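Participant:
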Amino acid sequence: LWESGVDQGAQTDFAFLMCGSIARGESSTYSDIDAVMVLDDGASRNRYENVMIKMDELIFRSGLKDTGFRFCQGGLSPLDSINNPALLGTSDYIIQMINDQLATGGDGAVHLLGALHTKLIFGDRGLALRYQTACKQRIDMNTARTKAQATREIGEFAQRMKNGAWKVPTGNEFFIEVKNQLYRPAHMIVHSLAQYYGIKAVSGREQIRALQEHQHMSLEVGNMLGQLLDVAGQLRMELQLGVGKEHEALKLRPANNTDPQNDVNDLATQPVATQSQRQKVRDVLPTLRILCGLAEAFAASKRKRGLVARENPFMSDRPGSFSI
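First residue of the sequence shown? That's 1203 in my numbering, and the numbers climb one at a time after it.
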């Protein structure tokens, strides 16, 4: 970016930070780029819009070649914010936006939680630190609200696994969405548990380890979730290397007459998963059913009178008894 002359010799008066899966160290081969760009309070917006447009060209099209990189299209994209102001602004503006999103709930709020954990890529280190400090204060400022929010999310995640976008596969589907049906349930439920118990770790594996160390998760449950994250990561990498781009639909079998024609058409050229890949999916199905039951039981145990301290099902040494 600097070699291209974008900065024109001006001071580095913004901070470009990666967040989401890249900051957690959990991105797969063709993961898109989750990022925030923090401006100085007195910044001219036009300058940053111009920098982001140039950055788009550099990251996505180095010279005349398509690099394969993409900014996230789900809300964590500074480039998107040029037309729809989101994660492009001062520290106070971004934190307020995250607060507003969290208050309304929904997928957008869950996604924006990634903006609370960032790594500076380049720019003003002091400005980045100011933003990161504000994020930490946001996380710490209201423990009761954070616990209530985490409890609500865990209950919602369980429902998604039962009949929503994260529905636990049967293994007989035409295809599954690896990110939505394998990775996200484990990652987001662990993330919300860490939020509930005030765990500061960022990556899923670090959160599992910290939850175990603080007696909030049994070794049995932690091992299951770690294996689920491993399998999801392996399948995503294999799938995306085969397709050559970010792609999450793993085709489990040839199409039949009962499969939706749109799905059949979309995956017509994609080969069926290997026997090894299909076996990996089958192996984690029991874990997904257990995870859904644990999440449902956890949310139910906290529902009466707000935050009642009851036995934590994630501490069970017989987690199979919670399987849905």
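Glycine is no exception: its CB is placed at the ideal position from the N, C-alpha and C atoms. All values reported here derive from a predicted model rather than from experimental measurement.
Determine the closest residue to V1392 out of F1516, A1451, E1379, with distance taken between C-alpha atoms.
Facilitator: Ranking F1516, A1451, E1379 by Cα distance to V1392 puts F1516 first.
Participant: Excluding the five sequence neighbours on either side, which residues of its own chain have a C-beta within less than 7 angstroms of the C-beta of A1367, listed in chain order?
Facilitator: N1382.
Participant: DSSP three-state label for F1524, please.
Facilitator: Note: F1524 maps to helix in three-state DSSP.
Participant: Alpha carbon to alpha carbon, how far is M1426 from Q1414?
Facilitator: One C-alpha to the other measures close to 12 angstroms.
Participant: Within 10 angstroms of its Cβ, does H1416 collect 16 or more other Cβ (buried), or is it exposed?
Facilitator: By the neighbour-count rule (16 or more Cβ atoms within 10 Å), H1416 is not buried but exposed.
Participant: What are the start and end residues of the alpha helix (DSSP H) that includes F1500?
Facilitator: F1500 -> alpha helix (DSSP H) spans 1477 to 1505.
Participant: Taking just the CA atoms, how far does F1324 sit from M1220?
Facilitator: Looking at the two C-alpha atoms, the distance is approximately 10 angstroms.
Participant: Assuming L1430 contacts L1384 (C-beta within less than 8 angstroms), just tell me the rounded distance between them.
Facilitator: Indeed they touch by this definition, with Cβ atoms about 7 angstroms apart.
Participant: May I ask you to report which of helix, strand or coil DSSP gives I1410?
Facilitator: DSSP places I1410 in helix when its eight states are reduced to three.
Participant: Leaving out five residues on either side along the sequence, give the residues of the same chain with a beta carbon under 6 angstroms from the beta carbon of M1439.
Facilitator: Around M1439: S1230, T1231.
Participant: Go ahead and label S1523 buried or exposed: buried means 16 or more other beta carbons lie within 10 angstroms of its beta carbon, across all protein chains shown.
Facilitator: Exposed.
Participant: Bridge partners for K1321 per DSSP, in chain order?
Facilitator: Bridge partners of K1321: M1220.
Participant: Are three or more beta carbon pairs between the region 1486 to 1498 and the region 1454 to 1472 nearer than 8 angstroms?
Facilitator: The region 1486 to 1498, when compared against the region 1454 to 1472, does not touch it at the 8 angstroms Cβ threshold.
Participant: Compute the Euclidean distance between the alpha carbons of Q1409 and F1376, then round it to the nearest angstrom.
Facilitator: Cα-Cα distance, rounded: 33 angstroms.
Participant: Determine the burial state of G1316: buried for a count of at least 16 other Cβ atoms within 10 Å of its Cβ, exposed for fewer.
Facilitator: The residue is buried, with at least 16 neighbouring Cβ atoms inside 10 Å.
Participant: Nearest by alpha-carbon distance to V1433: which of Q1339, V1380, T1320, Y1333 is it?
Facilitator: That would be V1380, whose Cα lies nearest to the Cα of V1433.
Participant: From what residue to what residue does the alpha helix (DSSP H) around E1440 run?
Facilitator: Counting along the chain, the alpha helix (DSSP H) containing E1440 begins and ends at 1421 to 1445.
Participant: Does A1360 come out as helix, strand or coil in the three-state DSSP assignment?
Facilitator: It is helical.
Participant: Buried or exposed: which applies to N1464, given that a residue is buried once 16 or more other Cβ atoms fall within 10 Å of its Cβ?
Facilitator: So N1464 ends up on the exposed side.
Participant: Using CA coordinates, which residue listed in H1418, G1222, G1435, F1218 is at the minimum distance from F1500?
Facilitator: Per the Cα distances, H1418.
Participant: For the alpha helix (DSSP H) holding I1391, just list the boundary residues, first then last.
Facilitator: That run of the alpha helix (DSSP H) goes 1386 to 1398.
Participant: The alpha helix (DSSP H) spanning V1466 covers which residue range?
Facilitator: Counting along the chain, the alpha helix (DSSP H) containing V1466 begins and ends at 1463 to 1468.
Participant: Quick one, are the C-beta atoms of D1236 and L1329 less than 8 angstroms apart?
Facilitator: For D1236 and L1329, no; Cβs fall outside 8 angstroms.
Participant: Could you have a look at L1454 and say whether DSSP puts it in helix, strand or coil?
Facilitator: In this structure, L1454 counts as coil in the three-state DSSP scheme.
Participant: Cα-Cα, which of D1234, L1260, D1326, N1248 is closest to C1274?
Facilitator: Looking at the Cα atoms, D1234 is the closest of the given residues.
Participant: Taking the C-alpha atoms as reference points, what is the distance between T1348 and K1504?
Facilitator: Looking at the two C-alpha atoms, the distance is approximately 13 angstroms.
Participant: Taking A1352 as the reference, which of A1412, A1396, K1369, R1327 has the closest Cα?
Facilitator: Ranking the options by Cα distance to A1352, first place goes to A1396.
Participant: If we ignore side chains and look at the alpha-carbon of each, how far apart do V1404 and G1444 end up?
Facilitator: Whole-angstrom Cα-Cα distance: 29 angstroms.
Participant: Alpha carbon to alpha carbon, how far is R1332 from R1480? Give it in angstroms, no decimals.
Facilitator: About 47 angstroms.
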